[in-house]
Amino acid sequence: MRKEAQPDFFGRTRDELVELLHSECGVSERFRADQLYEWLYARRITSFQEMTNLPRSLQHTLQEKFSIPKLEVRHVSRSADGTKKFLFALEDGRSIETVLIPSEMRDDRSPRRTLCVSTQVGCPLDCKFCATASLKLKRNLTAAEILLQIFEAERITGEEITNLVFMGMGEPMLNYDNLVRALTIITDPKTEILAKRRITVSTSGIPAAIRDFAMEGLNVKLALSLHATTNALRTRLMPINKKYPLEEVLQAMEDYYKTTRRPVTYEYILFKGLNDSHEDAVRLARIARRVPSRVNVIPFHPIDFTHPKGIAAELQPATPTTFERFIETLRSEGAAVTVRSSSGKDIEAACGQLALSESAMITPESITLPAVTS
Ligand code: SAH
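Note that the working numbering has the sequence shown beginning at 482, numbered continuously upward.
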């Protein structure tokens, strides 16, 4: 993948910090980069003066040369189901949304808190069912801005994130370098941020990026936004399918499995009368059987608040009966199926509803902030 302009100081991987300290500060001892790395990501200290094991002179140089970016929380909306949506302002004045979804772990019933992070401001893809499309692409997030969504959500709520999904605004694979940078830091056991098996990246399907991603050795879970089993329908719903048709995308998912040995996920929103027939379920199960996988069936979350036009205006959720029947067919055809819940629908925080709308917002002052400790 093409390398983009260098990221901020914060958000660099350990190897990049080694290089940076050498080129910008003339420091060639690797252990200095290790110390810095630990302050930034394990201890989450962002003021150089507090990095007490660094020499004073280095603290000064760092302070002069670099600033640490900030995410400023503007609003926190709270759903009746416990979901929280954060509106963060970036340093250039643009905004993004991040969603924290509480639930129970399937295995031991301990609390699960899943953070849904954004990777871009807006999105270039124009998927007809997704509210983020209405924003178009403003820019990629830096690795720092991706990481800070986790750090800030934990700091604001005082709750520990147990799972991470890259399903917020944007297409992660179109911000490849920063996605990989952020994941390299997050999954490094030294930072103790999150284990690989607790992380899912969701993509609309960019074959070359999926194959590169498999080779990175990050071994996180990969989910494909499939939503249709024929090219004709998928192209109507997701114009990116014209550029990367189904067969190429499915082949890339198979390759991801073969390289990583991680079962893949296929996400499938059920739309009334469009992709919810018996034949659709049979075709979907056939796709699911190609490599170890699960199918995540998703209820459609309406996006009327974006005033959709064309096919987008006609989309309806499948009826409950059709939904049940579809899942039964999938299972009887040999697919492993999960159903995604629609947490946060009342505050427009459910999948595909992130469009910076300010309805149901409350200001940060009106939620109880835990005392900040560091
Ligand atoms: N661009 C990435 C990640 C963002 S979308 C991708 O395409 O996967 C995250 C998930 O939300 C995807 O599965 C997406 O298909 C789903 N989604 C988008 N709009 C939705 C809607 N209105 N209702 C339900 N799910 C939606």
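Cβ atoms here follow ideal geometry from the backbone N, Cα and C, with glycine treated the same way.
1) At what residues does the beta strand (DSSP E) containing V701 begin and finish?
2) Which term fits T600, buried or exposed, when burial requires 16 or more other beta carbons within 10 angstroms of its beta carbon?
3) How many Å lie between E519 and K671 at the Cα?
4) M648: beta carbon under 7 Å from a heavy atom of the ligand SAH?
5) I need the DSSP call for L751, collapsed to helix, strand or coil.
6) Could you name the residues that DSSP lists as bridge partners for Q601?
7) So is P773 buried or exposed if we call it buried at 16+ other beta carbons inside 10 Å?
8) Roughly how many angstroms lie between the CA atoms of E673 and P789, to the nearest whole one?
9) Based on the DSSP secondary-structure assignment, which residues constitute the bridge partners of H556?
10) Candidates A762, R692, E633, L727: which alpha carbon is nearest T741's?
11) Evaluate N656 with the Cβ neighbour count: other Cβ atoms within 10 Å of its Cβ, from every protein chain shown; 16 or more gives buried, anything less gives exposed.
12) Within 7 Å: the Cβ of H708 and any heavy atom of the ligand SAH?
13) What do you get for K484, buried or exposed, if any count of 16 or more other CB atoms within 10 angstroms of its CB means buried?
14) With the cut-off set at 8 Å, would you say A624 and A570 are in Cβ contact?
15) Quick check on the burial criterion: 16 or more other C-beta atoms within 10 angstroms. Buried or exposed for H759?
16) Bridge partners of T668, per DSSP?
17) Among L552, V557, A713, I828, which one has its Cα closest to the Cα of I627?
18) Quick check: does the Cβ of P653 come within less than 7 Å of any heavy atom belonging to the ligand SAH?
19) According to DSSP, is S509 part of a helix, a strand, or is it coil?
20) Can you tell me whether M734 is buried or exposed, with buried defined as 16 or more other CB within 10 angstroms of its CB?
21) What residues are listed by DSSP as bridge partners for I577?
22) Can you give me the start and stop residues for the beta strand (DSSP E) that I808 sits inside?
23) Would DSSP call S824 helix, strand or coil?
24) Is the beta carbon of G833 within less than 7 Å of some heavy atom of the ligand SAH?
25) Where does D757 land, buried or exposed, given buried means 16+ other C-beta within 10 angstroms?
26) What is the DSSP secondary structure of P536, counted as helix, strand or coil?
27) When you compare each of L539, R524, A523 to Q530 by their alpha carbons, which one comes out closest?
28) Quick one: does the C-beta of F781 sit closer than 7 Å to a heavy atom of the ligand SAH?
29) Could you check the C-alpha separation between L645 and L596 for me, to the nearest Å?
30) Taking the beta strand (DSSP E) that V646 belongs to, which residues open and close that run?
31) Is I784 a contact residue of the ligand SAH, with contact defined as CB to any heavy atom under 7 Å?
32) Can you tell me whether T595 sits near the ligand SAH, meaning its C-beta is under 7 Å from at least one heavy atom of the ligand?
33) Does M654 pass the burial test, meaning 16 or more other C-beta atoms within 10 Å, or should it be called exposed?
34) Quick one: does the C-beta of T803 sit closer than 7 Å to a heavy atom of the ligand SAH?
35) Is the CB-CB distance between Y747 and L707 below 8 Å?
36) In terms of alpha-carbon separation, which member of M532, R525, A695 lies closest to R513?
In terms of the structure at hand:
1) As a first step, residue 701 is located in the sequence shown; it is residue number 220 there, counting from the start. That residue, V701, is in no beta strand (DSSP E); it is neither H nor E in DSSP.
2) Reading the sequence shown from its first residue, position 119 is the one you call residue 600. When all chains shown are included, T600 counts as buried.
3) The residue labelled residue 519 in the question sits at position 38 within the sequence shown. The residue labelled residue 671 in the question sits at position 190 within the sequence shown. When rounded, the distance between both Cα atoms is 8 Å.
4) Within the sequence shown, numbered from 1, the residue matching residue 648 stands at position 167. Yes, Cβ of M648 sits closer than 7 Å to a heavy atom of the ligand SAH.
5) Numbered from its first residue, the sequence shown carries residue 751 at position 270. In this structure, L751 counts as strand in the three-state DSSP scheme.
6) The count along the sequence shown starts at 1 and reaches residue 601 at position 120. For Q601, which the question treats as bridged, DSSP gives the partners N621.
7) The residue given as residue 773 occupies position 292 in the sequence shown. Burial call: exposed.
8) Against the sequence shown, residue 673 aligns to sequence position 192. Against the sequence shown, residue 789 aligns to sequence position 308. Using only the alpha carbons, I get a separation of about 42 Å.
9) Locating residue 556 in the sequence shown gives position 75, counting from the first residue. L568.
10) Position 260 of the sequence shown, counting from 1, holds the residue named residue 741. When each option's Cα is compared against that of T741, the closest is R692.
11) For the purposes of this step, residue 656 is taken as the residue at position 175 of the sequence shown. Buried, by the Cβ-count rule.
12) For this step, residue 708 is matched to residue 227 along the sequence shown. It does: the Cβ of H708 is within 7 Å (strictly closer) of some heavy atom of the ligand SAH.
13) Reading the sequence shown from its first residue, position 3 is the one you call residue 484. In this predicted model, K484 has a pLDDT of only 42, less than 50, meaning its place in the structure is not dependable; the value taken from the coordinates is given anyway. Classification of K484: exposed, given that the 10 Å Cβ count is below 16.
14) Along the sequence shown, read from residue 1 onward, the residue named residue 624 stands at position 143. Along the sequence shown, read from residue 1 onward, the residue named residue 570 stands at position 89. Contact: no.
15) Locating residue 759 in the sequence shown gives position 278, where the first residue counts as 1. Classification of H759: exposed, given that the 10 Å Cβ count is below 16.
16) Taking the first residue of the sequence shown as 1, we reach residue 668 at position 187. Residue pairing from DSSP leaves T668 without any beta-bridge partner.
17) Your numbering for residue 627 matches position 146 in the sequence shown. The residue with the shortest Cα to Cα distance from I627 is L552.
18) In the sequence shown, the residue the question calls residue 653 occupies position 172. Under cutoff, so the answer is yes.
19) In the sequence shown, residue 509 corresponds to position 28, counting from 1. In this structure, S509 counts as coil in the three-state DSSP scheme.
20) The residue you call residue 734 lines up with position 253 of the sequence shown. M734 comes out buried.
21) On the sequence shown, residue 577 is found 96 positions in, with the first residue counted as 1. According to DSSP, I577 bridges with F569.
22) Counting from one through the sequence shown, the residue named residue 808 turns up at place 327. Not the beta strand (DSSP E): I808 falls in the alpha helix (DSSP H), residues 801-813.
23) On the sequence shown, position 343 is the one that residue 824 refers to. Correct three-state label for S824: coil.
24) Position 352 of the sequence shown holds residue 833. Yes, the ligand SAH has a heavy atom inside 7 Å of this Cβ.
25) Your numbering for residue 757 matches position 276 in the sequence shown. Taking every protein chain shown into account, the CB of D757 has 16 or more other CB atoms within 10 angstroms, so this residue is buried.
26) One-based indexing of the sequence shown puts residue 536 at position 55. The answer is coil: DSSP assigns P536 none of H, G, I, E or B.
27) Here residue 530 corresponds to residue number 49 of the sequence shown, with the count starting at 1. Comparing Cα-Cα distances from Q530 to each of L539, R524, A523, the minimum goes to L539.
28) Against the sequence shown, residue 781 aligns to sequence position 300. F781: yes, Cβ under 7 Å from the ligand SAH.
29) Start at 1 with the first residue of the sequence shown, and residue 645 comes out as number 164. Start at 1 with the first residue of the sequence shown, and residue 596 comes out as number 115. A straight-line Cα-Cα distance of about 5 Å links L645 and L596.
30) Counting from one through the sequence shown, the residue named residue 646 turns up at place 165. Where V646 is concerned, the enclosing beta strand (DSSP E) stretches over 644-647.
31) As a working note, residue 784 is residue 303 in the sequence shown. Because some heavy atom of the ligand SAH lies under 7 Å away, the Cβ of I784 counts as near it: yes.
32) Sequence index remark: in the sequence shown, residue 595 carries index 114 (1-based). Taken from the Cβ of T595, every heavy atom of the ligand SAH lies 7 Å or farther away.
33) The count along the sequence shown starts at 1 and reaches residue 654 at position 173. Looking at its Cβ environment, which holds 16 or more other Cβ atoms inside 10 Å, M654 is buried.
34) The residue labelled residue 803 in the question sits at position 322 within the sequence shown. Incorrect: T803 has no Cβ contact closer than 7 Å to the ligand SAH.
35) Translated into the one-based positions of the sequence shown, residue 747 becomes position 266. Translated into the one-based positions of the sequence shown, residue 707 becomes position 226. At a Cβ-Cβ threshold of 8 Å, Y747 and L707 count as neighbours.
36) Here residue 513 refers to the residue found at position 32 when the sequence shown is read from its first residue. For the residues M532, R525, A695, the minimum Cα distance to R513 belongs to M532.
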